[in-house]
Structures are given as C-alpha cells and as structure tokens.
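K.L.:
Numbering (the UniProt record's numbering), first residue to last: 1 to 122.
Don't be surprised by glycine CBs; every beta carbon is placed ideally from N, CA and C.
These numbers were taken from a predicted model, which means no experiment stands behind them.
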C-alpha cells in the first residue's frame, strides 16, 4: 500500500540503496579501476534477493570494461557494507549493468542538431 507521500517501501529502499552504494563507491572503494562512476538507477526483485545497479561513466569505452570488472569484483564488499548501512531483512546480491541512455541521448542530440543544420537555407 502506498504511503501518504506516494512512495512505497520498495521505492524508499531502492533510493536508500542507490544513495548508500554511491557513497560507498566514492568514499570506501579502493579499486583504482572504479572511477568517474554515477549510479543512475537500482531495480530490486520483490523478495529483495537481487538488485540491478545501473551505472554510467565519463570514461571511454576502453576503460568501461575495466570499470565493469572492478565493480563486479567489488560486489561482495559493497554488499557487506550495504548490509551494515541499510536495515532490511535480506541484503540483495548486486548486479552491475552499464546504462547507455546518457550516451544514446548524446548521439540522438547530435543527430537532431545535424538535421536542423542541414535544413537551414544556404
């Protein structure tokens, strides 16, 4: 049942997980491969067993593979620390997924700009 503010408990848990993971990655994670990472969304299963953590980065495609490996290698540490910070019955397994929506948005914007420029009278 939605609360008075319109957010379900799951929505609040997802937002807290995203916030805590962002802090952990920024302040606690020592893996040099994981840098310039922004968490864009978290999706959690109804039983809280698994969480998809969507991220984006300003690093190039060559560094993205390293960042992905670093995040996957750090998932156990991040899950343990998350369990200490977030009070839920079961701390979810973390699955990191690259979010290409920012990249795709930039490409679409460039295509629109090029189309507008080509439509201008010469």
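(1) My parser needs the alpha helix (DSSP H) runs of 4 or more residues fully inside the segment 46 to 103; what are they?
(2) Taking only the alpha-carbon atoms, compute the straight-line gap between residue 98 and residue 59 and give it to the nearest angstrom.
(3) Based on the DSSP secondary-structure assignment, which residues constitute the bridge partners of residue 42?
(4) From the DSSP output, in three-state form, read off residue 14 for me.
(5) In or out: residue 3 buried (at least 16 other Cβ within 10 Å) or exposed?
(6) Look up residue 37 in the DSSP assignment and say whether it is helix, strand or coil.
(7) For the candidate residues 79, 101 and 73, whose alpha-carbon lies nearest to that of residue 32?
(8) When DSSP labels each residue in this structure, what does residue 119 get in the three-state scheme?
(9) Which term fits residue 92, buried or exposed, when burial requires 16 or more other beta carbons within 10 angstroms of its beta carbon?
(10) Using a threshold of 9 Å, state whether the C-beta atoms of residue 131 and residue 75 are closer than that.
(11) Find the nearest neighbour of residue 68 within the set 86, 120, 49 and 38, judged by alpha-carbon distance.
(12) Pick helix, strand or coil for residue 29, following the three-state DSSP scheme.
P.N.:
In terms of the structure at hand:
(1) 61 to 85
(2) Roughly 12 Å separates the two Cα atoms.
(3) According to DSSP, which records beta bridges pairwise, residue 42 is partnered with 53.
(4) Residue 14 sits in a helix when the DSSP states are folded into three classes.
(5) With a pLDDT of 45 at residue 3, under the threshold of 50, the modelled position of that residue is not reliable, and no figure is offered here.
(6) strand
(7) Out of 79, 101 and 73, 73 has the C-alpha closest to the C-alpha of residue 32.
(8) If DSSP states are grouped into helix, strand and coil, residue 119 belongs with the helices.
(9) buried
(10) There is no way to answer for residue 131, as the model of the chain reaches only from 1 to 122.
(11) 38
(12) coil
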